[in-house]
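Asks: Dumping the structure here so I can ask a few things about it.
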Amino acid sequence: MLPRMPTPAIRVAQLRPFSARAVYQPWRARTQPSIRLYSSASEDAPPPLLQKLKGDLKTAMRAKDGPRLSVLRTIMSANLNASKTSSPIRTDVQLVGLIRKLQKASYDSVADAEAAGRKDLVEKEQQQIQIYDEYLADSGVQALSADELSTLIQSTIEEVQAAGTEIKNLGQETMKRIVAAVKGKDVDMKTVSKMVQEAVKKQ
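Residue numbers (the working numbering): 1 to 203.
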């Protein structure tokens with residue numbers, strides 16, 4: 001009889017208990033912080049004067065104020081057109097400049113109506129010019145009169161000359177300083193440029 005061979009020991013692997021943590025949970029995956037793709041409220045805030053005009057538009061609609069409605073709708077339309085360009089209206093100063101351009105168009109219309117003998121159109125445009133004047137006066141933007149501009153230009157020229165600037169650069173340096181001085185004010189820069197050129201010629 002053959003001797004009995006010992007039975008090899010069999011190790012039974014111990015299974016770890018099921019853990020929910022071992023299961024992939026996509027909702028627990030780390031996500032990147034969201035990125036805001038829009039500007040802050042302060043950057044997008046419309047000019048205060050524009051907000052006033054919008055309020056006046058509603059008031060004029062309720063009151064059925066035809067002339068004021070016409071003016072306000074013209075301003076809103078021009079502002080909308082500007083928003084589609086590379087130079088949108090972002091400040092009260094820019095809005096005042098826009099209103100002045102629209103008012104100038106009304107002055108031109110008055111001249112055309114007078115030449116055509118259309119008194120009705122003359123009166124209509126003159127009413128609108130007065131309304132434009134109201135908004136310009138209440139804009140809160142400081143305007144400089146022709147006398148004030150003339151004084152500013154002359155004093156600036158004297159400062160530039162005192163600094164030893166050559167006569168050939170006098171106009172350029174004067175204009176540079178004037179632009180900085182009138183920043184934020186209601187000033188027609190084309191008019192300023194002409195006044196500077198005339199003043200420099202007299203030196």
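Don't be surprised by glycine CBs; every beta carbon is placed ideally from N, CA and C.
1. In angstroms, rounded to a whole number, what distance separates the CA positions of Met-195 and Ser-150?
2. Any idea which residues DSSP pairs Ala-60 with across the strands?
3. To the nearest angstrom, report how far apart Ala-111 and Val-122 are at their CA atoms.
4. Between the Cα of Gly-184 and the Cα atoms of Ser-109, Tyr-132, Ser-139 and Val-93, which residue gives the shortest distance?
5. Using DSSP with H/G/I as helix, E/B as strand and the rest coil, what is Ala-116?
6. Grouping DSSP H, G and I as helix and E and B as strand, with all else coil, what is Ala-181?
7. Cα separation between Ser-77 and Leu-69?
8. Express the C-alpha separation of Val-96 and Val-210 in angstroms, rounding to a whole number.
9. Going by DSSP, which residues form a beta bridge with Ala-143?
10. Using DSSP with H/G/I as helix, E/B as strand and the rest coil, what is Ser-193?
11. Nearest to Gln-154 by CA position, among Glu-198, Asp-108, Ile-75 and Ala-113, is which residue?
12. Helix or strand or just coil, what does DSSP make of Pro-33?
13. Since Gly-66 is in the alpha helix (DSSP H), which residue starts that stretch and which ends it?
14. Do you know offhand how far Ser-86's Cα is from Val-182's?
15. Would you say Thr-74 and Pro-47 are within 8 Å of each other, going by their C-beta atoms?
16. Assign Lys-202 to one of three DSSP states: helix, strand, or coil.
17. Kindly list the residues whose CB is nearer than 8 Å to the CB of Leu-98, restricted to its own chain and excluding five residues on each side of it in sequence; keep chain order.
Replies: Considering the structure as presented:
1. Whole-angstrom Cα-Cα distance: 7 Å.
2. Its beta-bridge partners do not exist; DSSP assigns none.
3. Each residue's alpha carbon lies about 8 Å from the other.
4. For Gly-184, the nearest C-alpha among the options comes from Val-93.
5. Coil, per DSSP.
6. When DSSP states are grouped into helix, strand and coil, Ala-181 belongs to the helix group.
7. Those two C-alpha atoms are separated by around 12 Å.
8. This structure leaves residue 210 out entirely; the chain is present only between 1 and 203.
9. Ala-143 is bridged to Asp-186.
10. Looking at Ser-193 - three-state DSSP - the assignment turns out to be helix.
11. The shortest Cα separation from Gln-154 among Glu-198, Asp-108, Ile-75 and Ala-113 belongs to Glu-198.
12. Bear in mind that the predicted position of Pro-33 carries a pLDDT of just 46, short of 50, making it unreliable; the figure below should be weighed with that in mind. Three-state result, Pro-33: coil.
13. Start and end: 66-83.
14. Distance from the CA atom of Ser-86 to the CA atom of Val-182, rounded to whole angstroms, is 23 Å.
15. For the 8 Å CB-CB criterion, Thr-74 and Pro-47 do not form a contact.
16. In the three-state DSSP reduction, Lys-202 falls in the coil class, being neither helix nor strand.
17. Excluding residues within five positions, the ones whose Cβ falls inside 8 Å are Ile-75, Ala-78, Asn-79, Ala-82 and Ile-89.
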